[in-house]
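Protein sequences appear in the order of chains A and B.
Residues in the first sequence are numbered from 2 upward in steps of one, following our numbering.
Residues in the second sequence are numbered from 2 upward in steps of one, following our numbering.
From the three backbone atoms N, C-alpha and C, an ideal C-beta is built for every residue, glycine too.
So the structure is just underneath, and the comments pick up after that.
There are 2 protein chains.
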Amino acid sequence: MGRAMGLAGLLLGLFLVPAVLVSTSLRHGAPRSESESAPAPGPAEWEPASGAVPEDSLWPLPQWLRTSRRQLQLAPGRFQLVHGAGSSAGPACGLLQDAFRRYYEYMFGQSRRRKRGRRPVGARAEPELSQLQVVIESRDPGCQSYPHLASSEAYHLTVTEPVAILKADEVWGALRGLETFSQLVHEDDYGSFLVNETEIDDFPRFAHRGILLDTSRHYLPLKSILTNLDAMAFNKFNVLHWHIVDDQSFPYQSIYFPELSDKGAYSYNHIYTPTDVHLVIEYARLRGIRVVPEFDTPGHTQSWGKGQKDLLTPCYNGEQPSGSFGPVNPILNTTYDFMTKFFKEISSVFPDAYIHLGGDEVNFDCWKSNPEVKEFMKQQGFGIDYAKLESYYIQKILDIVSSYNKGYIVWQEVFDNKAQLKPDTVVQVWMENNYAHELSSVTGAGFTAILAAPWYLDYISYGQDWKKYYSIEPLDFPGSEKQKKLLIGGEACLWGEFVDATNLTPRLWPRASAVGERLWSSRNVTNLQDAYKRLTNHRCRMLRRGVAAEPVFVGYCPHEARGQ
Amino acid sequence: MGRAMGLAGLLLGLFLVPAVLVSTSLRHGAPRSESESAPAPGPAEWEPASGAVPEDSLWPLPQWLRTSRRQLQLAPGRFQLVHGAGSSAGPACGLLQDAFRRYYEYMFGQSRRRKRGRRPVGARAEPELSQLQVVIESRDPGCQSYPHLASSEAYHLTVTEPVAILKADEVWGALRGLETFSQLVHEDDYGSFLVNETEIDDFPRFAHRGILLDTSRHYLPLKSILTNLDAMAFNKFNVLHWHIVDDQSFPYQSIYFPELSDKGAYSYNHIYTPTDVHLVIEYARLRGIRVVPEFDTPGHTQSWGKGQKDLLTPCYNGEQPSGSFGPVNPILNTTYDFMTKFFKEISSVFPDAYIHLGGDEVNFDCWKSNPEVKEFMKQQGFGIDYAKLESYYIQKILDIVSSYNKGYIVWQEVFDNKAQLKPDTVVQVWMENNYAHELSSVTGAGFTAILAAPWYLDYISYGQDWKKYYSIEPLDFPGSEKQKKLLIGGEACLWGEFVDATNLTPRLWPRASAVGERLWSSRNVTNLQDAYKRLTNHRCRMLRRGVAAEPVFVGYCPHEARGQ
């Protein structure tokens, strides 16, 4: 009944269970020296912890960390998250106030003993940690603003008696530090909340760390999107790439063109109203997550055609229109009038500095069949090179979007087809085949790049495929130091052909967590055995916080999912 | 961003959407004749329906069906499920009373207009169907009994004005017929409930149609198991193969040996108490589902060793015990004393006529290392053939279980290793490699067989893998007619290495539905295009009924999942 694999897997499991190893790759710089690993208890001595090592459940691993054996106790009824002295943020900073409450709940919410002072301090030997003081050092903390590509997410955290201090330039770093602090706090067998004395210096390796969700192949209810934003924050992702419309459906309710969703959405139940969109953006902002919407043209637009007459190219069967339609019609002025108005709305609805304009997988057959398109090709001197027609179209769209002071992201074909791109264009590399070479070309031409190719998480397979995603080194492509700097991050993509609210969360998490650590942590954090242990704990933590992340392998969590 | 596959998939989707085809393979015997397909409306004329064809959402497809264009209307406030004249069952039959209420809820529960007589009949032109009368024809309807391998699940259903009649020998057939009737009822655009006049004669192709759930690699909360039993009933499955314990954990709380779960379960939260087990059995019985527990020995027993001293074989490193343990120790009398008592309990707790005794994947290394086992081999004259030792052990277990008047199911190795098996032993074929040959051998030796090999649903892959499961023809193995009759069914197996409550339901459904139809419907029901359409509708129905079945492909359901 079982299978050979089952036994092999079991052996792996048994092998991993007893090993409470302290990763040596997790400290900044060189592995820990001999003297550091000698056990010498005492409050002043920094040393590797053993037993309940805090690194056992940190995910993604911080850039630099040292931790002590000395433990502090937290009393849920007394412990406070507060603005520290000298912080530019205060109680008026709604973003932090909201985060304080949220992380208090994550740390203590499951506890049965939240009453104040139910157990006197001193019932355990450990001294008490009474506060986490958060200090924002930049003059403008950014409480009202939106995160952007250049936002600082760095933070410095010291946990010592009697107060922990979290310092960050901007609120975005504070959010990341709160997540880390909450991961350090653990409950012991007796229900006491403990944290080891720790110092952490942390910052992301890559600035763009995204998750792509596809709400066209299947509609995702708001609740699924918000849960995913929670999970993203737990994994320090900072970009929701919202592939909001595509061939199959147009759930985005446009203010200028309501017919697009009236006719292009699956049904009236399958629409994101302006209120919904605003809610997603604000929920994301409060977690330091940018929302980059994608309105992919000229291909992948069948659903647009239902609510916008003459937008798509009529395909021909010989001399006659066949009744079906192809990509956006690039030869009509009305197309550009529409796009001008449409993207004006999009630029205003979505605050992010970037819009994703798609530009992938344009099928030329329909254009080739249409006599007016062929005539236009002749006039423009494009010959029979339809990639030129595509670039002609894209060029105009890029100009429109630029006029609204937005930057844009495009799929790699737009670069491959040699459209004239603004120097700050971001090119997203998605084709699995030889993506390193593509990264080399894109950055070689001076463009900024995002890597998605090895992280198409909709391609499922049996077993622990997170290891495959984890083992990708994004900078392993031929190029100069300058080129390497142009790779600003990556995205885990969960295309929606086979995904909806029934399976989104367990399919995405914790598999995407592997990508999260790869994009945040130091390049040398590559030990699979250490990662397995931390990921298993991290997955249980996500479960406890309401994210139905699937199991990494055999075993259990203290708090299981309730069952469907 | 997308991918070539996406486009191909889209084309498939577009191809399927407009076609409201009536399957020709779904009638018993020959395809429908020319005259049958001519449109000729009128109440007395049986003809293929078009538009809202009831077959569009029937799953699994009945053995024989004819349907009319004529529609009847159901008024939720008046419609009744009742015991018909001449039925041997009446209001004292709790099983049917419970089923009536359940199916009433499935048919009308989502409706906003359940009030009595809110809309007068005649607001629509259709005549009214006022009752479904259920008639059990056997003298003993079986209301208090448990379903078994020889139970009759056949039923005959006629839906005509003014009452529908469902006839079955036993309650088990009535349960299957109620499911079918509920699938025939549909809600139109105005919220009216309609059913086409229909006649159905139906029975299962195979008697054993199982789902294997594994509660050892991960614990499954009771709620997940019960939801799965609901889904099984929607797909006419009739056996829950409960792989309840294994190496990783022992969640079964034994009455005689409580230490087995005290020490062998993952934690105190990860246990099935006697009450839990009883609840599963009763919930299954009410849905016509047998619960066959598997207590797999002598391999896959690591967790048993924690709570039962000396049960497992001590492994040796040279002359010394290594501290680790292997399979059950087959050379000690205490082993058989334990098993005698243990299986006495199991035989009494689980009412089914069969117990699954496992017997797969026994690793001989530990036995080979143990000097006392080697000495025993010598005494018994087994030479170095450890398969003989395995058979020696299995033989004794089979004899113990037989003494409690239970039949047993074993994995194929027990047959392969030539244990002496009682003629009524059921052999479960699981090894993917050349399973047709194995079926041939097992049935050739006169044993009954169950096929699982091609239906290991824990092996996931990208795309519509249901087609692969659907396209398996179980009887495609070399053998006589007599041998073919010995294949009594099959099982879809969802092993638990990577499955728990977070992903069980969407991973299993509707992929297992493909196996469900293969095992229930006529051999000639093989049209993938027709199946796609019905499966898509069936999946939406499961969703509406509270089973988070994942999407088959792009699209939507009128009632979506709420999101996690």
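Determine, using beta carbons only, whether residue i comes closer than 8 Å to chain B.
{"i": "A:Lys468", "result": "no"}
{"i": "A:Gly52", "result": "Low confidence applies to A:Gly52: its pLDDT is 40, below 50, so where it sits in the model is not reliable enough to give any reading."}
Starting from the beta carbon of residue i, find every residue of chain B whose beta carbon is closer than 7 Å, and list them in chain order.
{"i": "A:Ile1", "result": "Nothing in the structure corresponds to residue 1 of chain A, since chain A is present only between 2 and 565."}
{"i": "A:Arg218", "result": "Val555"}
{"i": "A:Ala550", "result": "Thr503"}
Below 8 Å between beta carbons: does that hold for residue i and residue j?
{"i": "B:Ile451", "j": "B:His209", "result": "yes"}
{"i": "B:Pro479", "j": "B:Leu488", "result": "no"}
{"i": "B:Leu82", "j": "B:Thr199", "result": "no"}
{"i": "B:Gly360", "j": "B:Ile401", "result": "no"}
{"i": "B:Leu214", "j": "B:Leu241", "result": "yes"}
{"i": "A:Pro163", "j": "A:Leu130", "result": "yes"}
{"i": "B:Ile398", "j": "B:Leu458", "result": "no"}
{"i": "B:Thr314", "j": "B:Trp243", "result": "no"}
{"i": "A:Trp456", "j": "A:Gly289", "result": "no"}
{"i": "B:Ala499", "j": "A:Pro552", "result": "The displayed chain sequence assigns Phe, not Ala, to residue 499 of chain B. Their beta carbons are under 8 Å apart, which means B:Phe499 touches A:Pro552 by this criterion."}
{"i": "B:Ser139", "j": "B:Glu180", "result": "no"}
Could you tell me which chain B residues have their CB closer than 8 Å to the CB of residue i, listed as they occur along the chain?
{"i": "A:Pro222", "result": "Glu561, Ala562, Arg563 and Gly564"}
{"i": "A:Glu188", "result": "Those within 8 Å of A:Glu188 in chain B number zero; the least Cβ separation is about 14 Å."}
Would residue i count as contacting chain A if we go by Cβ distances under 8 Å?
{"i": "B:Asn617", "result": "Given that chain B is displayed from residue 2 to residue 565, the structure contains no residue 617 of chain B and the question cannot be resolved."}
{"i": "B:Pro63", "result": "no"}
{"i": "B:Ala232", "result": "no"}
{"i": "B:Asp501", "result": "yes"}
{"i": "B:Ala100", "result": "no"}
{"i": "B:Glu391", "result": "no"}
{"i": "B:Glu439", "result": "no"}
{"i": "B:Arg546", "result": "no"}
{"i": "B:Ala39", "result": "Its pLDDT being 33, under 50, B:Ala39 is placed unreliably in this model, and the coordinates cannot settle the point."}
Would you tell me roughly how many angstroms separate the C-alpha atoms of residue i and residue j, rounded to the nearest one?
{"i": "B:Val293", "j": "A:Arg71", "result": "52 Å"}
{"i": "B:Val516", "j": "B:Gln98", "result": "29 Å"}
{"i": "A:Cys541", "j": "A:Leu505", "result": "17 Å"}
{"i": "B:Asn318", "j": "B:Lys375", "result": "14 Å"}
{"i": "B:Val430", "j": "B:Leu422", "result": "15 Å"}
{"i": "B:Ala50", "j": "B:Gln184", "result": "Caution is warranted here: a pLDDT of 34 is assigned to B:Ala50, below 50, making its placement in the model unreliable, and the coordinate value is therefore given only provisionally. For B:Ala50 and B:Gln184, the distance between alpha carbons rounds to 16 Å."}
{"i": "A:Glu188", "j": "A:Val548", "result": "19 Å"}
{"i": "A:Ala446", "j": "A:Asp425", "result": "12 Å"}
{"i": "B:Leu75", "j": "B:Tyr191", "result": "13 Å"}
{"i": "B:Arg512", "j": "A:Asp501", "result": "15 Å"}
{"i": "A:Phe344", "j": "B:Ala126", "result": "50 Å"}
{"i": "B:His467", "j": "B:Arg519", "result": "This sequence places Trp at residue 467 of chain B; His is not what is there. Roughly 11 Å separates the two Cα atoms."}
{"i": "B:Ser462", "j": "A:Arg508", "result": "12 Å"}
Name the chain A residues that come within less than 8 Å of residue i, Cβ to Cβ?
{"i": "B:Ser268", "result": "Tyr557 and Pro559"}
{"i": "B:Tyr460", "result": "Tyr463"}
{"i": "B:Pro424", "result": "Residues of chain A passing the Cβ test: none, with the nearest at roughly 22 Å."}
Output, in chain order, the set of chain A residues within a Cβ distance shorter than 9 Å of residue i.
{"i": "B:His271", "result": "Tyr557 and Glu561"}
Below 7 Å on C-beta distance, what does residue i contact in chain A?
{"i": "B:Pro507", "result": "Thr503 and Asn504"}
{"i": "B:Gln381", "result": "Within 7 Å Cβ-Cβ: nothing; B:Gln381 doesn't reach chain A, min ~27 Å."}
{"i": "B:Ala208", "result": "Ordered by position in chain A, no residue passes the 7 Å Cβ test against B:Ala208, which lies about 20 Å from the chain."}
Ordered list of alpha helix (DSSP H) runs contained in the region 89 to 173 of chain B, each at least 4 residues = For the region 89 to 173 of chain B, whole alpha helix (DSSP H) runs of length 4 or above, ordered along the chain, are 95 to 109.
task = Can you check the region 280 to 308 of chain A for any beta strand (DSSP E) of at least 3 residues that lies completely inside it and give the ranges in chain order?
result = The qualifying runs are 291 to 298.
task = Return the chain-ordered ranges of every beta strand (DSSP E) run that is complete within the region 456 to 511 of chain B and spans a minimum of 3 residues.
result = Runs found: 488 to 495.
request  = Counting only runs of 4+ residues fully inside the region 408 to 459 of chain B, write out the alpha helix (DSSP H) ranges in chain order.
outcome  = Runs of the alpha helix (DSSP H) inside the region 408 to 459 of chain B: 413 to 417 and 436 to 445.
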